[in-house]
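In the working numbering, the protein residues as written are 10 to 424.
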């Protein structure tokens, strides 16, 4: 009896458990989470809400671009033993900080590089923040320079300058105390991979516009491109990009491309295929709304009370530039595109709808007022002359002199 009790205690010590690599206290919409079936060996079965996922058999399970539909309980099974439930709740909004590409692409060659930028909008500095990179099953912490965390910095850049990367990497950032996640996957192409399928990281949001690109390393002389979805041709032509105007659930799948290109005018064309990239479609997180009424106003009905509204602007540059924190935007507005989002301590809304100004609003108002005053002035002058002529006519006096004087003055004004 004592022997059976000891065996039971011994087996409990080695019971499999599910853990999250880079443990996040809060999981946000769009994050990449990596689950591990600890203490397992060999083939592993994975279960989501007690239903087995037939596509998963490894010790780790990487789930990209999570949304509310990924909330639930996760279990793993190894050698007939099941782990306890591991519960995950995905928040329906974005983390308070953003990892963005400053330069480079999300899919790079083995000798390439990408520079990521950490932008913290709510905090006044990067104090308390640190970053990690996950690759090949290992987690490595990126230490921030002391000056970045003690001075008034809100932006930090980091690059993958390691030329021997051979597996996809996930960069993650979080503050020491709040454990707020922001993940960014970077894929490394094989050394001989010339053509790359570029899909921006994160989920494709329902109803939004999405652009896919077929890129060739070292040249932009692409004469012909074929795009594939789940190995079926979806576009065949000269354009190296494929635009989805309105993303739907049916757009989810595995994408790749084939490019015909030359390195110079005199060389024969080459044709190569890209690696495959997965496109995940999900419902958008809570979103701010821009409305126009005596200027622009920003609102978010589903966001928490006390949220601040951050405005963004772009004209010719591809990236959004900060334009201040306010609920409404009035006064002088240069021509360009405007958007906003709600920001609070533990999260952010998605970027709002985009409002376009084709002509400077203030200049238009001034121009209209000026034209109106000129027209009014001309009409008053003409009316005065007509009345003067009538009065002179009734009195039997000539009107030619005054008309000539007016015409001379009018001509002199516009010469």
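Even for Gly, the Cβ is constructed at its ideal location relative to N, Cα and C.
Just verifying my parser: in three-state terms, what is the DSSP assignment at residue 333?
strand
For residue 270, which of 204, 93, 243 and 210 has the nearest alpha-carbon?
Residue nearest to residue 270 within the set 204, 93, 243 and 210 is 204 (criterion: CA-CA distance).
Excluding sequence positions up to five away, which residues of its chain have a Cβ less than 7 Å from the Cβ of residue 141?
31, 148, 149, 150, 151 and 181
Shortest alpha-carbon distance to residue 207 belongs to which of 381, 102, 101 and 223?
Relative to residue 207, the option among 381, 102, 101 and 223 whose CA is nearest is 223.
Residue 98 and residue 36 look like a contact to me (Cβ under 8 Å); what is the Cβ gap, rounded to whole Å?
7 Å
To the nearest angstrom, how far is the alpha carbon of residue 211 from that of residue 111?
16 Å
Between 75, 338 and 64, which has its C-alpha nearest residue 41's C-alpha?
Measuring from the Cα of residue 41, the nearest candidate turns out to be 75.
With DSSP collapsed to three states, give me the class of residue 203.
coil
When you compare only the Cα positions, how much space is there between residue 345 and residue 352?
Taking the straight line joining both Cα atoms gives about 23 Å.
Just tell me which of 252, 243, 45 and 283 has its CA closest to the CA of residue 27.
45
Contact defined as beta carbons within less than 8 Å: I believe residue 38 pairs with residue 100. What is the distance between those atoms, to the nearest angstrom?
6 Å
Can you give me the Cβ contacts of residue 49 inside the same chain, cut-off strictly under 6 Å, excluding the 5 residues immediately before and after it?
25, 68 and 87
Would you mind reading off the limits of the beta strand (DSSP E) that contains residue 309?
Segment: none, residue 309 is in no beta strand (DSSP E) and carries neither H nor E.
Assign residue 363 to one of two classes, buried (16 or more other C-beta atoms within 10 Å of its C-beta) or exposed (fewer than that).
exposed
Thinking residue 116 and residue 286 are a contact (beta carbons under 8 Å), I'd like their distance in whole angstroms, please.
7 Å
Taking the CB atoms as reference points, tell me whether residue 307 and residue 297 lie closer together than 8 Å.
yes
Put residue 255 into one of helix, strand or coil per three-state DSSP.
For residue 255, the three-state secondary structure derived from DSSP is coil.
So residue 29 is in the beta strand (DSSP E); what residue range does that whole segment cover?
26-30
What span of residues does the beta strand (DSSP E) with residue 351 cover, start to end?
345-353
Just to confirm, does residue 109 get its C-beta within under 7 Å of one of the non-hydrogen atoms of the ligand ATP?
Among the components modelled here there is no ligand, and therefore nothing to report on the ligand ATP.
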